[in-house]
Each structure stands twice: as structure tokens, then as C-alpha cells.
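Beneath this line is the structure, given in C-alpha cells, with notes to follow.
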Amino acid sequence: MNTKTYTFTAQIKKVPDMDGAFVEFPLDVREEFGRGRVKVQATFDGYPYAGSLVNMGTGCHIIGIRKDIRKAIGKQPGDTIHVTIKEDKNRSSTRTTEGRTT
4 MNTKTYTFTA QIKKVPDMDG AFVEFPLDVR EEFGRGRVKV QATFDGYPYA
54 GSLVNMGTGC HIIGIRKDIR KAIGKQPGDT IHVTIKEDKN RSSTRTTEGR
104 TT
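Here it is, written out as C-alpha cells:
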């Protein structure tokens, strides 16, 4: 389990055809965490959020930024934010024998 905190600045990107937004994680998630989907504790400009780093088929991993969080921090797609990411040890994914994530 990775206990490192990752800190970076990222541009908020818009989800096409939706009112969603996300930032890209700048490192290889499999190399850093040993698997593709990782439950994390994050902050966006200091605002806390529990979510997951996921691959949406774009070749990189992202974490979504809910609309209420964007409103609270006064940021929208195109803006730059300060992000921290740390693996959430209390919500970490585990694999069952059937291969499903629990």
C-alpha cells in the first residue's frame, strides 16, 4: 500500500457533453500504486474529497471534481487548481477470487 502524498497543479478539464469536470493524474498509476483503479483522499485547492483514480480509456488516469466542489472553490473547467492525492487505506479496493473489485 502506498502512503505517499502526491501534490501537483492541474488544469480542470470538462467532460464532453456533460456538466462534469476532472483533472488528470500526472504519473503512471500502475507504477505508483500497483493497480489501475485506486481509491484516494484528495484535496482540490484545500477542499477535501474521497474519490477514485480511474482510467476512462484515454491512456491516463483521472479524478472527477463534483460541481459542488467546483462551486465551493470558485473554479471551472479551464482553471488551474492545486491537487493533493493520497491512497485511502480505509477504502482500498481488494480483488475477490471472481476478479471483481469490492
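When you read off a place in the sequence shown, starting at 1, and then add 3, the result is the number in this note's numbering.
For every residue, glycine included, the Cβ atom is placed at its ideal position computed from N, Cα and C.
- Which residue spans inside the stretch 40-99 form an unbroken beta strand (DSSP E) run of at least 3? Correct list: 41-47, 50-58, 64-67, 83-90.
- Query: Do ILE66 and PHE28 have their C-beta atoms within less than 8 Å of each other?
  - Reply: yes
- Contact check, ASP48 vs LYS78 under 8 Å by CB: the rounded distance? 7 Å
- Message: Helix, strand or coil for VAL32? Go by DSSP, reduced to three states.
- Response: Looking at VAL32 - three-state DSSP - the assignment turns out to be helix.
- Message: Just to confirm my understanding: we take TYR50, look at its own chain, exclude 5 residues before and 5 after, and list those with CB closer than 6 Å. What are they?
- Response: Result list for TYR50: ILE72, ALA75, ILE76, in chain order.
- Is THR6 helix, strand or coil by DSSP? THR6: coil per DSSP, three-state reduction.
- Query: So what's VAL26 in DSSP terms, helix, strand or just coil?
  - Reply: Collapsing the DSSP output to three states places VAL26 in a strand.
- Item | For ALA13 and PRO80, believed in contact at Cβ under 8 Å, the rounded distance | The Cβ separation is near 12 Å, so there is no contact.
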